Amino acid sequence: MSAPDPAVRTLLLVGIGAGDPELLTLQAVSAIAALDVVLVLDKPGGATDLTRMREALVRRFAGDPAPRVLLLPDPPRDRGELDRPGYSGAVRSWHHRRADLLEAALAEQLLPGETAGILVWGDPAFYDSTVRLAQELERRGTVPLDWRVIPGISSIQLLAARHRLVLHGIGEPLHITTGRRLADAGTLQHENTVVMLDAGVSAAVLLQSPEAADRDAWIAWGAALGTPSEVLVAGRLAEVIDEIGRTRDAVRAERGWMMDISYLRRGGPPGVAD
């Protein structure tokens, strides 16, 4: 068996759950303790609250000596109302600029044989670009890199736990989509739908649907899951949509940022017999 290449840097993408340190897996705790460098793509404005939460996790679980924390200014992203091809191109351009930052940091700030980590909210598998960034760095090959993914508890799982739900009936599929796509569709195309990356309350579009099952949909919603500001709302969509909107605005006003998620079921809530 050949010895490891001493020039190779190790990069760990560590899923850290939705914010509560108690939700970290043992594997994530061990990974953080092994880091020499923590790379943080630091967003401007209110999102620096997320950076502080990452730094708190590092202080709690880091080894000795503590890792160096490098704050990298996250490139701005065009969030204009684009058609889907334009939207995808804007996101790819943003990913490329983020990869440039990480590539430079790994080459200039990480010594050969050291381990860097990126702490990823929730689980890196769901609507997160970090895995794509690592794939791009591997494709470029500029920095010799061994990278791995440590799974985390996703907001999908936490929403289900908080509302004490199974997110589908027996043998039914579960559809995961974005607020943009739900708004474009104007209808629930599956019995069970999880909506992420919602810029507003996209479920409101269902109240104008010609389908009675859409108008009678049931929703379980949560915002700031796993944080002290966590809020939950559940009920018939038509009855709770205004409450969700007000609560959403209040959380954004308090924290300066918003991360929420919802589960929608056509025709009513899941039952014991489902």
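Note that UniProt numbering has the sequence shown beginning at 1, numbered continuously upward.
Here a beta-carbon is modelled for each residue, glycine too, at the ideal position from N, C-alpha and C.
All values reported here derive from a predicted model rather than from experimental measurement.
Would you mind reading off the limits of the alpha helix (DSSP H) that contains residue 262?
Careful: residue 262 lies outside any alpha helix (DSSP H), inside the beta strand (DSSP E) at 260-265.
In the DSSP assignment, the alpha helix (DSSP H) including residue 244 goes from what residue to what residue?
Under the DSSP assignment, residue 244 falls in the alpha helix (DSSP H) whose first and last residues are 237-255.
Every unbroken alpha helix (DSSP H) inside the region 39-76 [4 residues or more]:
Listed in chain order, the complete alpha helix (DSSP H) runs (minimum 4 residues) inside the region 39-76 are 48-61.
Pick from 30, 52, 93 and 35 that is closest to residue 68, judged by C-alpha positions
For the options 30, 52, 93 and 35, the alpha carbon positioned closest to that of residue 68 is the one of 35.
Thinking C-beta only, is residue 223 closer than 8 Å to residue 234?
Note that the C-beta distance between residue 234 and residue 223 is not below 8 Å.
Which residue comes first and which comes last in the alpha helix (DSSP H) that contains residue 131?
Boundaries of the alpha helix (DSSP H) around residue 131: 130-140.
Counting beta carbon pairs with one atom in the region 129-144 and one in the region 233-247, are three or more of them shorter than 8 Å?
At 8 Å Cβ cutoff, the stretches do not touch.
The alpha helix (DSSP H) that contains residue 214, what's its start and end?
Taken as a continuous stretch (DSSP letters only), the alpha helix (DSSP H) holding residue 214 covers 212-215.
Cβ pair residue 77, residue 188 closer than 8 Å:
Contact annotation: residue 77 and residue 188 have beta-carbon atoms that are not nearer than 8 Å.
Could you tell me if residue 229 is buried or exposed, where buried requires 16 or more neighbouring beta carbons within 10 angstroms of its beta carbon?
Counting the other CB atoms within 10 Å of its CB gives residue 229 a total below 16, which places it among the exposed residues.
What did DSSP end up calling residue 13 once you bin it into helix, strand or coil?
DSSP places residue 13 in strand when its eight states are reduced to three.
Candidates 245, 244 and 182, of which the one nearest residue 214 by Cα:
Relative to residue 214, the option among 245, 244 and 182 whose CA is nearest is 182.
Can you give me the Cβ contacts of residue 191 inside the same chain, cut-off strictly under 6 Å, excluding the 5 residues immediately before and after it?
Beyond the five residues adjoining it in sequence on each side, residue 191 comes within less than 6 Å, by CB distance, of 172 and 266 in the same chain, given in chain order.
In this structure, what does DSSP give as the bridge partners for residue 175?
Partner(s): 193.
Can you pull the DSSP bridge partners for residue 164?
Bridge partners of residue 164: none, in fact.
Identity of the residues DSSP links to residue 117 by a beta bridge:
12 and 38.
Using only alpha-carbon positions, find the residue among 243, 140, 204 and 30 that is nearest to residue 115.
Of 243, 140, 204 and 30, the residue nearest in Cα terms is 30.
Between which two residues does the beta strand (DSSP E) holding residue 220 run?
Secondary structure note for residue 220: its beta strand (DSSP E) is the uninterrupted segment 218-223.
So the candidates are 62, 270 and 55; which of them puts its Cα closest to the Cα of residue 70?
Among 62, 270 and 55, the Cα nearest to that of residue 70 belongs to 55.
Beta-ladder partner(s) of residue 150, from DSSP:
According to DSSP, residue pairing for residue 150 in a beta bridge involves 14.
Enclosing alpha helix (DSSP H) for residue 202 [first to last residue]
Note, residue 202: premise wrong, no alpha helix (DSSP H); not H, not E.
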